[in-house]
Every structure is written in structure tokens, then in C-alpha cells.
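Participant: Next up is a structure, given as C-alpha cells.
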Amino acid sequence: MARVAALVLGVLALVATRANAQPAPDELLDKKIAVWRFDALGIDGEIVQRLETLFRSELDRLVKIPQVSRRDIERTTTSAEKDCTGEEKCLTSIGKRLQVDFVVTGTVGSLGDNYVLNIKVVDVGSGKSQKIQSDPLRGSPDELIEGVRVAAYRLLAPQQLHGSLQIQTDLVGAQVTLDNRSLGKTPLPNNGVIARQQLGKHKLRVEAKGYDAFDSDVEVHFQKVSPVIVRLLQTGETTGTGRTIVREKNPIYTRPWFIGAVGVTAIAVGILIGAKAGSVPCYVNGDRNTPC
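According to this note's numbering, the sequence shown is numbered sequentially starting from 754.
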């Protein structure tokens, strides 16, 4: 653990002292690059190999000149060079033997529940480290893929490090503001997708007259569209753990006016039935055609 911490501190110090010597991203994209290897510090070596393979594949997608393959590196380097652990001198020697412009190497170390990916780029012509970066990787080992991809893009194509948000709401005419920048009213164009946003957290605000404003931090992920579902509540409305007043509708047969109406009707019907039942028919001499 002490070795990992010392390595991280050393990398951060080099980043601070050599920031002015870093080549422009386009310079690296146009050059021939070889990835030496990633060493494991306090983490399973098999996991690091998988991350290294992913890193290589991302570089292959970015560089304009094909990389030197891992097989060619193993076949070309000497046994002494194979023991190189990231020193500039041996990396320069390897780069000259491979006839490349830059050699990239790295380490993956474990710091508690987090990991740190350290990447170093050595200029073969000058024998100096030209770019050093330290990227924190969070999550389980299987969830480090996005972090490694981001590290590759940050190294060679930082201008392509972006993602998108998609604002989803059924309210028309709500004002949308992202990082204090007005984006218009809903529904937003492009089906609500806000493209090419910087990675990380952003401040989103959606507001409309008569509704409580929606204020929240939203996160943009690398090359992904992150949906944000916005539901504006009418002013004074509460949900969740807030106090809610429930108004139940009583059945109609419990209403006073209904009970009174039914009572009056029952009395009238009773009188009518009683009158009918209490009357005795009367006929003269038993003749039904001659009532009394």
C-alpha cells in the first residue's frame, strides 16, 4: 500500500512540474505509438491485463497510424528490456527498437475501494516523459471499463470527451436552464437531447409558472445519453414524505339530503299503501257495477 501511495504522489508531482511539456493531442494522434504494458499494484493481474487490452483497443480507434501489436513487441524486445518497469531510459530503448515516436505505459493500483490508473507517455526522440496523467477509477473491477476508455480519450482526444442529456417531461412551455445557460422551453428540439456536454455533474433547472421549480444535479457519462425525467409539481403540492391531505368522497347514501329525501319518499309510499290496504269496497246489493 505504501508503494502505491508513493507512486500516486510521484505521478501527481510529475504532472504539476511537466504540464508545460505535454504534447498537443493532435500531435499524438499523428504519431506512431506503442503501448508497453500496465503493471498491477495491489490488484489482480488478470484484471489489469483486461484493462490494458481495452486501453489498446481504444487507442486503435483513435490513432491515425496503427499501433505496434503486443506480439511484435514481445518478439522484438530483448530479455533485458522485458524487465522494464516504466523507467524512461528503458522505455526509450524499447521505442527505438520498435521504431515508434512515443511509448505509453501505465500502472493500475488499488487504494481502498478505489483504483488509480497512472499513464506515462515517453518521447522516444528526447527520452523524456512528455505526458503523465492519473485517473481515478471507481466501482468494482468489472465497472472500470468506462474509466479506462475515458483515460484513453483524455490522453489522445480530450476534445471528444463528452456525453448527452435527455430532458423528459410532459409539461409544455417550461423553461430549461443548464449551468445557468438558457436552453429554451419544452419540448426541446432533438427530442429533448442536449448533446456534447462535458463529463461530470451539471446543474439543471426547469421552471414554469404555477409550478415549483425543478433544481437538481445531473451527471453526464462518456458517450452516453443520460435521461432525466422531470415532473413539476403545482405550487403547494407535496409528494413523497411530505404531508398529504386525503379527501375521500363519502358514498351518496350517507349524505344528509339523500337520507331526508329517502325518508319523505318512504312516508308517502307508506301512506299510499296504508290507504289502499285500509279501504273496504262497498257495492249496492252486491252489484259490482253499483258502488256505495
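Using N, Cα and C, we set each Cβ at its ideal position, and we do this for glycine too.
1) Under three-state DSSP, which class holds Lys938?
2) DSSP three-state label for Lys817, please.
3) Mind checking Gln913: buried by the 16 CB within 10 Å criterion, or exposed?
4) Can you tell me which of Arg814, Tyr964, Leu890 and Pro942 puts its alpha carbon nearest to the alpha carbon of Gly1047?
5) If Phe975 and Gly937 are in contact, beta carbons under 8 Å, what's the gap, nearest whole angstrom?
6) At which residue ranges does the region 870–922 contain complete beta strand (DSSP E) runs of 3 or more residues, listed in the order of the chain?
7) Tell me Asn867's beta-bridge partners as DSSP assigns them.
8) Using 8 Å as the Cβ pair cut-off and three pairs as the minimum, do the region 830–846 and the region 801–818 touch?
9) Mind the definition here: the region 951–960 touches the region 923–930 only if three or more C-beta pairs lie below 8 Å; say whether that holds.
10) Our contact map puts Lys785 next to Asp854 with C-beta atoms below 8 Å; I'd like the distance itself, whole angstroms only.
11) Consult DSSP for Arg984 and reduce its assignment to one of helix, strand or coil.
12) Tell me, please, which residues DSSP counts as bridged to Gly953.
13) Please report the distance separating the alpha-carbon of Glu811 from that of Ala904.
14) Indicate the three-state DSSP secondary structure (helix, strand or coil) for Leu1071 in the structure shown.
15) Beta carbon of Asp792, beta carbon of Thr838: below 8 Å?
16) How would you call Asp970, buried or exposed, if buried means at least 16 neighbouring beta carbons within 10 angstroms?
17) Could you work out which residue in Gly880, Asp876 and Asn871 is closest to Val901 when comparing CA atoms only?
18) Is it right to say Asp876 is buried, meaning 16 or more other beta carbons lie within 10 angstroms of its own, or is it exposed?
19) Taking buried to mean at least 16 other C-beta atoms within 10 Å of its own C-beta, is Lys884 buried or exposed?
20) Using DSSP with H/G/I as helix, E/B as strand and the rest coil, what is Gln928?
21) Between the beta-carbon of Thr830 and the beta-carbon of Arg809, is there less than 8 Å?
22) So the alpha helix (DSSP H) Ile826 belongs to, where does it begin and stop?
23) Tell me the rounded alpha-carbon separation between Val981 and Gln951.
24) Run the CB neighbour count on Lys842, radius 10 Å, all protein chains shown included, and call it buried at 16 or more, exposed below.
25) Figure out for me which residue from Val973, Asn933, Ala910 and Pro940 has the closest Cα to the Cα of Arg814.
26) Around the Cβ of Ser893, are there at least 16 other Cβ atoms within 10 angstroms (buried) or fewer (exposed)?
27) Suppose contacts are defined by Cβ-Cβ distances below 8 Å. Is Val861 in contact with Leu794 by that definition?
28) To the nearest angstrom, report how far apart Gln852 and Arg803 are at their CA atoms.
29) Which residue comes first and which comes last in the beta strand (DSSP E) that contains Ile847?
Facilitator: According to the data block:
1) strand
2) coil
3) exposed
4) Residue 1047 falls outside the range modelled here, since the chain spans only 754 to 1045, and no answer is possible.
5) About 26 Å; that fails the 8 Å criterion.
6) 881–891 and 915–921
7) Leu864 and Arg891
8) no
9) yes
10) Confirmed, about 5 Å.
11) Arg984: coil per DSSP, three-state reduction.
12) Looking at the DSSP output, Gly953 sits in a beta bridge with Val973.
13) 10 Å
14) This structure does not reach residue 1071, given that the chain is present from 754 up to 1045, and the question cannot be answered.
15) yes
16) exposed
17) Just measuring C-alpha positions, the residue of Gly880, Asp876 and Asn871 sitting nearest Val901 is Asn871.
18) buried
19) buried
20) strand
21) no
22) Judged by DSSP secondary structure, Ile826 falls within the alpha helix (DSSP H) whose first and last residues are Arg823 to Thr829.
23) 16 Å
24) Of the residues assessed, Lys842 falls on the exposed side of the cut-off, its CB having fewer than 16 other CB atoms within 10 angstroms.
25) Ala910
26) exposed
27) yes
28) 26 Å
29) Where Ile847 is concerned, there is no enclosing beta strand (DSSP E), although the alpha helix (DSSP H) it sits in stretches over Glu841 to Leu851.
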